[in-house]
DNA sequence: CCCTGATTCGC
DNA sequence: GCGAATCAGG
């Protein structure tokens, strides 16, 4: 089950959306989950939408570095963090409760909608495990331009709750 | 010091 | 194709 280890359409969609929204790679990675900012950036490059024309460092010459693999460099740990936000349906995050109305309360099975019954204007918020029979979607009225309903949008597109800090975008 | 994106390279 | 490592700049 590599649902959380592969770039699916939905993930790429979200990636594109967030990237186009001006979000930083780290933030996108943090939201999508399971991927580091490097993965996000790498995917972005592969998709061909690298410099969206918003990055200031455009004239930074990068004369590739000589990858001289010979010396036994000490193993360094940068970001071993890897979390799957898919589980945040039942658990927000170890951060802190900022939104008062996003307290997930487990959508009743009768509310869930099967993939075949999903419409374009319906919330495509996944509930349960994709490989389990109880898997379904929210099915609520999706916000225009977004794949989720207003309720799940708050969860999916979490605000700048604990994100490091408002970085300068100079 | 922190983070940003960009590129290269190994798997 | 994917992601870590690395670089270079702000």
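Residue numbers (the numbering used here): 5 to 174. Ideal Cβ positions, reconstructed from N, Cα and C, are used throughout, including at glycine.
Report back the beta-carbon spacing between residue i and residue j to the nearest angstrom; my notes put them in contact at under 8 Å.
i: residue 22; j: residue 48; result: Wrong, their Cβ atoms sit about 10 Å apart, outside the cutoff.
Rounded to whole angstroms, what is the Cα-Cα separation between residue i and residue j?
i: residue 234; j: residue 10; result: With the chain covering 5 to 174 only, the question about residue 234 has no answer from this structure.
i: residue 50; j: residue 43; result: 10 Å
i: residue 24; j: residue 54; result: 10 Å
i: residue 137; j: residue 130; result: 13 Å
i: residue 84; j: residue 116; result: Confidence is the limiting factor: at residue 84 the pLDDT is only 45, short of 50, which leaves the residue's position unreliable and the question unanswerable from this model.
i: residue 174; j: residue 132; result: Caution applies to residue 174, whose pLDDT of 40 falls short of 50 and renders its modelled position unreliable; the value that the coordinates give is listed next. Going from the Cα of residue 174 to the Cα of residue 132 covers about 41 Å.
i: residue 52; j: residue 12; result: 17 Å
i: residue 139; j: residue 120; result: 12 Å
Return the residue from the list the options that minimises the CA-CA distance to residue i.
i: residue 150; options: 135, 53, 43 and 123; result: 123
i: residue 125; options: 46, 143, 39 and 41; result: 143
i: residue 36; options: 52, 27 and 15; result: 15
Excluding sequence positions up to five away, which residues of its chain have a Cβ less than 7 Å from the Cβ of residue i?
i: residue 154; result: 147
i: residue 41; result: 29, 30 and 33
i: residue 39; result: 33
i: residue 81; result: A caution first: residue 81 carries a pLDDT of 48, below 50, which makes its placement in the model unreliable, though a value can still be read off. Counting only Cβ-Cβ distances below 7 Å, and skipping sequence neighbours, we find nothing.
Ordered along the chain, which non-local residues of its own chain (more than five positions away) have a Cβ less than 6 Å from that of residue i?
i: residue 45; result: 29
i: residue 87; result: Confidence at residue 87 is low in this model, with a pLDDT of 44, below 50, so the placement of that residue is unreliable and no value is reported for it.
Which one or two residues does DSSP pair with residue i in a beta bridge?
i: residue 153; result: 146
i: residue 126; result: 145
i: residue 140; result: 131
i: residue 117; result: 141
Looking only at its own chain, which residues have a Cβ that is under 8 Å from the Cβ of residue i, when we skip the five neighbours before and after it?
i: residue 128; result: 14, 122, 141, 142, 146, 151 and 152
i: residue 17; result: 151
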